[in-house]
Each structure stands twice: as C-alpha cells, then as structure tokens.
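Chemist: Have a look at this one.
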Amino acid sequence: MKILHIISFFFPEFSGTSTRLYNLVSRLPYEVDIYTSDRTLNGDKIQCKQQRYNNIYAKRIDIQKCNPSCFAKYIPYLRGKLRSRCVTNVFTNNIKGKEFDIVHGHNLPGFNEAARQAAHRLNKPFVYEIHSLPVADFWSQRNLKALILYFDFKNQENRMLQSSNYIIVQTEMLKKWLCDFYRIKDEKIMIIPNGVDLHLFTPHHEHNNDADILRRKFRIPAEGKVVLYAGYLDKVNGIEIIIKLISQISDMNKNIYWIFVGNGPKQGQIISLVKAFPRHVKYVGMVAYEDMPIYYELCDVFIIPRGSTISGEFFVPLKLLEAMAMRKIILASDVNAIKGIIRHGDNGFLFHKNNLEDLKRALFESLANTQNHRIKEAARTTILQEYNWDSSAKKLKTIYDKLS
11 MKILHIISFF FPEFSGTSTR LYNLVSRLPY EVDIYTSDRT LNGDKIQCKQ QRYNNIYAKR
71 IDIQKCNPSC FAKYIPYLRG KLRSRCVTNV FTNNIKGKEF DIVHGHNLPG FNEAARQAAH
131 RLNKPFVYEI HSLPVADFWS QRNLKALILY FDFKNQENRM LQSSNYIIVQ TEMLKKWLCD
191 FYRIKDEKIM IIPNGVDLHL FTPHHEHNND ADILRRKFRI PAEGKVVLYA GYLDKVNGIE
251 IIIKLISQIS DMNKNIYWIF VGNGPKQGQI ISLVKAFPRH VKYVGMVAYE DMPIYYELCD
311 VFIIPRGSTI SGEFFVPLKL LEAMAMRKII LASDVNAIKG IIRHGDNGFL FHKNNLEDLK
371 RALFESLANT QNHRIKEAAR TTILQEYNWD SSAKKLKTIY DKLS
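Numbering (this note's numbering), first residue to last: 11 to 414.
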C-alpha cells in the first residue's frame, strides 16, 4: 500500500504536527510519501528537496512564488486566499502522474485542498486530520475581520470534512465538538491520541552529563531552579502570562532561571525579556528533536500555561507528554485537554487558566513540594500506561486497512 500525506511542514521543522506524523507513519508497514513545503516556520529555505526516512519519502516543494507580489500583499484576507489557491495548484501539479492508494490531508489552507483534490482526481479514499480549530478561535474574537475569516474557514473545513472517508482527531472532546458543530456522524471520526517515543524520552545518566554542560553554559548555579518552556511561542500557548509572571517575580526571586525553546509570533517579546533579565532568562530558539531530552533533564519544572482558547482546550501538547516521560514536574493550566491528563498534586500541578496570581502560587508550590519524587514517578507511569506511539500507529493502520 502506498499512502500520500500533504502537510505544511515536516522535518527538519520539529513542530508538534511534524513530530506526530513521523512517529505515526514510521511505524506502519506501508510506503508513505510526504509532500510538504520547502520552508521552515520562520520562512528559511530547506536545501534538501528529497529525503528518505526508512519507509518515508519526503518531497519538499518550493512555494515561494505563492507569496503575492501585487497589491494583494497589502490586503491580508486577499493575500491569504491567493496564497492558498497557489499552494493548492503547486502541490496538485507535483502529484500529476503519481499513483497512491490513500490520500491523507492535514488542515492548513491550500495544503488541505490539494489533498482533497488529489484524492478526487485519483478516485482514492481521503483521510482528513484536524490539528487546529481556527474556525472556533476566529468566532471567539468577535470582530469584523475575524467574522469574515470565520465563515471562510468554516466553509473550507466543512468541504474537507464532508469529502473525507475518515476524520482523525486527538481527543474525545474534539470529536464531540465536530459532531455537534458540523453535524458529522460519530462513526466517521476516529480518535488517535498523541504519544511519546519512549526510546528517546527516557531518563538516562548521559542526559545528566549533557544537562550539566548546559547549566554551565547558561551560568546557572547548582542551587538554581530551572523552569523550561518548549513549544510554539504564541498566544494559544500562554506566552503572554509567562512574560507577565517573569516581569513580576524575577527581581524578587533570584534563584529561578527561565529557558525558552521554540519560535513563533511572540519570539520578539521573549528576546526583549532576555534583554531585561539577561542573567535569569535564556532563549535558545529551535532545538533538534533528539536533543530535547537534555533540556528536559536540565529543568526542575516544565511549564505549559495555555489560555482558554478552543485550540488550547481541545488539543494535547506533545511536549507535555514528553516532559512527563522524562519524569519532570509539570506546571500547567487547567484547560480541558490538559486536566484530562494532569491530576493536581498526583502527577503534576495545575493552576486556573488565565489567572496570574494562581500561576504564581502554583509555581512556588511546584518548586517547594516535598512529594516531588513521587509526582515525577506518577507522571512517567501515566505515559507508560496511556500514551505511546505504537498503540496510536496501530489505530491509524486499522483505518488504512479498512479503506484499502
């Protein structure tokens, strides 16, 4: 069986979506072609156009010409529409003459439509996977621009969902929302949760040595407490509340050191924070997937302060599961997707979402708790029992087998 995936980003862009895709399809006994952009999230060009990862063949396609150069570039909505249409055309042209048994699309405008059209032209089954909910987020903003985007994205997503043979989501909550909002039949939506690569994300003495090197590099004293954030630097993930917290407590708490890993629209604010508190705040940018265990080992607390957005409520951050597998103390907001995993005082610590004072309280509690060894063990046990890629990959294989 040969399966085509069309997705906006793939390795070496180590986003949650690309990491999830790799860990699922690399465990399949089938040939998988991944057609993706030749750009990183920051817009940097990836020089290697074709690459093989065992059963996976990745083809990176140049979409630079899809950035409008006419007057449309000054009108965000029109710019987005023209870019999406161009991306669809570029990808469908690259697929011409190829043969696949199943087409698997992912929800980003342009890329998702390319997958839908490819499945239609090939007369093959179409699987559609949801990684975000821009429709719900636009609706919650309640302004004219967001309202226009809401109706546009709603129609796009509805076309994808109705055209698909199966829809893949990460959580039961998201499945229920899609059933209610788009009136999708329950049996059409399959839940495939995120998992963890336990070969990579398992505490090891070598990680301690490498973490000590990082500690010296960042000039963090042995008694210093390290709080790590790793992920996309945006509003959904709660970067703004971390910035407020650090600005409030850094002058009074000289023993807490903050490390940020990742990129995103709030990157500039993190860099400004580093300039304001150069000794206690470090920004390292993107880190290779295989090096993340070292950063987890370095930290005392891993923080995920997601706010109350629809995306924040319905999607489980991959980095949360990885940190738990590394026996780390988790400090997270009580959005639905996270509080379904973290039990306060048992396998991590929760604070009330969007509540700065409660975040401050929970931070000091997590750093001072005398039961932290037990909590760390409980965090890893949760992952071992409930979240692994092997079982998730079997669920994906079952879907493909039904369609073949």
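All residues carry an ideal CB built from backbone N, CA and C; glycine is no exception.
With three or more C-beta pairs closer than 8 Å as the rule, is the segment 344-352 touching the segment 293-300?
Modeler: The segment 293-300, when compared against the segment 344-352, does not touch it at the 8 Å Cβ threshold.
Chemist: Does the distance from the C-beta atom of Val-237 to that of Val-284 stay below 8 Å?
Modeler: no
Chemist: Take Ile-251 and list the residues in its own chain whose beta-carbon comes closer than 8 Å to its own, dropping the five residues that flank it on each side.
Modeler: Pro-315, Gly-317, Asn-364, Leu-366 and Leu-369
Chemist: Please report the straight-line C-alpha distance between Val-137 and Ile-112, rounded to a whole angstrom.
Modeler: 8 Å
Chemist: Can you have a look at Ile-158 and say buried or exposed, based on whether 16 or more other CB atoms are within 10 angstroms of its CB?
Modeler: exposed
Chemist: Could you spell out where the beta strand (DSSP E) holding Tyr-138 opens and where it closes?
Modeler: 136-139
Chemist: Entirely within the segment 332-359 and at least 3 residues each: give me those beta strand (DSSP E) ranges in chain order.
Modeler: DSSP runs (the beta strand (DSSP E)) wholly in the segment 332-359: 339-343.
Chemist: Between the segment 195-208 and the segment 319-333, are three or more C-beta pairs nearer than 8 Å?
Modeler: Touching, yes, given that three or more Cβ pairs across the two stretches are closer than 8 Å.
Chemist: Going by beta-carbon coordinates alone, are Tyr-239 and Phe-270 separated by less than 8 Å?
Modeler: yes
Chemist: What separation, rounded to the nearest whole angstrom, lies between the Cα atoms of Lys-59 and Phe-191?
Modeler: 39 Å
Chemist: Can you tell me whether DSSP reads Arg-152 as helix, strand or coil?
Modeler: Of the three classes helix, strand and coil, the one that applies to Arg-152 here is coil, per DSSP.
Chemist: Quick check on the burial criterion: 16 or more other C-beta atoms within 10 angstroms. Buried or exposed for Ile-223?
Modeler: exposed
Chemist: Locate the alpha helix (DSSP H) running through Arg-30, then write down its first and last residues.
Modeler: 26-35
Chemist: Is the distance from the Cβ of Tyr-176 to the Cβ of Ile-409 below 8 Å?
Modeler: yes
Chemist: Kindly indicate which three-state DSSP category Gln-180 falls into: helix, strand or coil?
Modeler: Three-state DSSP puts Gln-180 in coil, outside helix and strand.
Chemist: Would you mind listing the beta strand (DSSP E) stretches within the segment 202-252 that are 3+ residues and don't spill past its ends, in chain order?
Modeler: Entirely contained in the segment 202-252, the beta strand (DSSP E) runs reaching 3 residues are, in chain order, 235-240.
Chemist: Based on Cα-Cα distance, which residue from Pro-303, Met-170 and Thr-380 lies nearest to Glu-123?
Modeler: Met-170
Chemist: By Cβ distance below 8 Å, which residues in the same chain neighbour Asn-398 in space, the five residues on each side in sequence not counted?
Modeler: Gly-205, Val-206 and Leu-208
Chemist: Contact defined as beta carbons within less than 8 Å: I believe Arg-70 pairs with Asp-48. What is the distance between those atoms, to the nearest angstrom?
Modeler: 4 Å
Chemist: What residue range does the beta strand (DSSP E) around Glu-307 cover?
Modeler: Membership of Glu-307 in any beta strand (DSSP E) is not indicated; the residue belongs instead to the alpha helix (DSSP H) covering 302-308.
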